[in-house]
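Student:
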Amino acid sequence: MPIIGIPLSTMASTGKDIHYLSVEYTQALENLGAFVILLPYTTDKYKIAKQVIYCDGFLIPGGDDITPYLYGEESKPKLGNCDEIIDEYHINITREILRQNKPLLGICRGCQILNIALGGSIYQDVSYYNNDILMHQQSGKRQDLCHYVYLQEGTKLYQYFGEKILVNSFHHQALSQVSSELIVSATASDGIIEAVESPTQKFCIGVQWHPEIMLRNNDSMNKLFSQFLISCLN
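In structure tokens form, the structure reads like this:
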């Protein structure tokens, strides 16, 4: 039974220091046999290292926007709520996970955190991307499918799913400059980057869609979670 750590977030819009995590993350992992531990934020790097040592793998979840100065920008008008302390914690624990070469799955904001932790950057809003864009913040049911993503041959995601898949979409930020330590493994038809992975880590994948919510309708995304958990046992 792999032990999976999930760093908790706060909900900046409430103005309160409340840890939160959507239940779908833990359900997706526990339904496949994982034991999940929720990790409270800390600024102590020794404690972060201990958190990483204790767990077999990590899921970096979705959440609020990411503080712009952490990726070399100033705030723009369409930036949403940010929590600087949580952002720094998620970046620091991601770096420690990669340093220890533990498996990592980043979802939505977690994909963006992965890229920033490795020196990349993001668009503060997808409207700052130059091309005409698809709907990336769907208004229907969260499990409904919104648009295709096209997978790059030779990547882990291509091995799992083939050339393209339909996904849901709940992000208004997106990757811009991709870290030199990552490769793009999926894009939408408008060019927005939908997934990245590390070619050197044991398992390190970030996706912009929400596979844990897609499981409400079907089990197609179990392949991603099961491969993640297999890597945590090896």
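Numbering (the numbering used here), first residue to last: 1319 to 1552. We treat Cβ as the ideally placed atom computed from N, Cα and C, and that holds for glycine. A quick note: this is a predicted structure, and the numbers were derived from the prediction, not measured.
So for Ala1506, helix, strand or coil by DSSP?
Tutor: Three-state result, Ala1506: coil.
Student: Select from Leu1356, Asp1335, His1337, Ile1336 the residue whose C-alpha is nearest the C-alpha of Gln1345.
Tutor: It is Leu1356 whose Cα lies nearest to the Cα of Gln1345.
Student: Can you tell me which of Val1467, Phe1479, Gly1390 puts its alpha carbon nearest to the alpha carbon of Ile1440?
Tutor: Here the closest residue by C-alpha is Gly1390.
Student: Between the C-alpha atoms of Ala1492 and Leu1551, what's the straight-line distance to the nearest angstrom?
Tutor: Their Cα atoms are separated by approximately 31 Å.
Student: Using CA coordinates, which residue listed in Asp1443, Tyr1476, Phe1488 is at the minimum distance from Glu1392?
Tutor: Glu1392 has its Cα closest to that of Asp1443, out of Asp1443, Tyr1476, Phe1488.
Student: Indicate the three-state DSSP secondary structure (helix, strand or coil) for Gly1428 in the structure shown.
Tutor: Correct three-state label for Gly1428: helix.
Student: Determine, using beta-carbon pairs with one atom in the stretch 1382–1389 and one in the stretch 1363–1374, whether at least three such pairs fall under 8 Å.
Tutor: Contact fails: fewer than three Cβ-Cβ distances are below 8 Å.
Student: Are at least three pairs of beta-carbons, each pair with one atom in the stretch 1478–1492 and one in the stretch 1516–1532, less than 8 Å apart?
Tutor: Yes, they touch.
Student: What is the DSSP secondary structure of His1408, counted as helix, strand or coil?
Tutor: DSSP places His1408 in helix when its eight states are reduced to three.
Student: Work out the CA separation of Asp1383 and Thr1328 for me, nearest whole Å.
Tutor: About 11 Å.
Student: In the DSSP assignment, find the unbroken beta strand (DSSP E) run with Tyr1468 in it and report its ends.
Tutor: Tyr1468 -> beta strand (DSSP E) spans 1465–1469.
Student: Are there three or more Cβ pairs, one per stretch, closer than 8 Å when the stretch 1535–1542 is compared with the stretch 1501–1516?
Tutor: The stretch 1535–1542 vs the stretch 1501–1516: no contact.
Student: From Gly1398 to Gln1430, what does the alpha carbon distance come to, in whole angstroms?
Tutor: Distance between the alpha carbons of Gly1398 and Gln1430: 15 Å.
Student: Cβ of Ile1324 within 8 Å of Cβ of Pro1379?
Tutor: A contact, by the Cβ cut-off of 8 Å.
Student: Taking C-beta to C-beta, are Pro1320 and Leu1547 nearer than 8 Å?
Tutor: In this structure, Leu1547 lies closer than 8 Å to Pro1320 by Cβ.
Student: I'd like the ranges of any alpha helix (DSSP H) spanning at least 4 consecutive residues and lying wholly in the stretch 1468–1498.
Tutor: Fully enclosed alpha helix (DSSP H) runs of 4 or longer: 1474–1479.
Student: Please report the straight-line C-alpha distance between Tyr1364 and Gln1495, rounded to a whole angstrom.
Tutor: So the two alpha carbons sit approximately 30 Å from each other.
Student: Could you check where the beta strand (DSSP E) with Phe1353 kicks off and where it finishes?
Tutor: 1353–1357 is the span of the beta strand (DSSP E), which, as asked, contains Phe1353.
Student: Determine the DSSP secondary structure at Leu1551, reduced to helix, strand or coil.
Tutor: In the structure shown, Leu1551 sits in a helix (DSSP, three-state: H, G or I).
Student: Using only the alpha-carbon positions, how far apart do Glu1342 and Glu1530 sit?
Tutor: The straight-line gap from Cα to Cα measures roughly 6 Å.
Student: Enumerate in chain order the residues of its own chain whose CB-to-CB distance from Phe1521 is below 8 Å, with the five nearest sequence positions on each side excluded.
Tutor: The answer, listed in chain order, is Gly1375, Pro1421, Leu1422, Leu1423, Lys1474, Gln1545, Phe1546, Ser1549, Cys1550.
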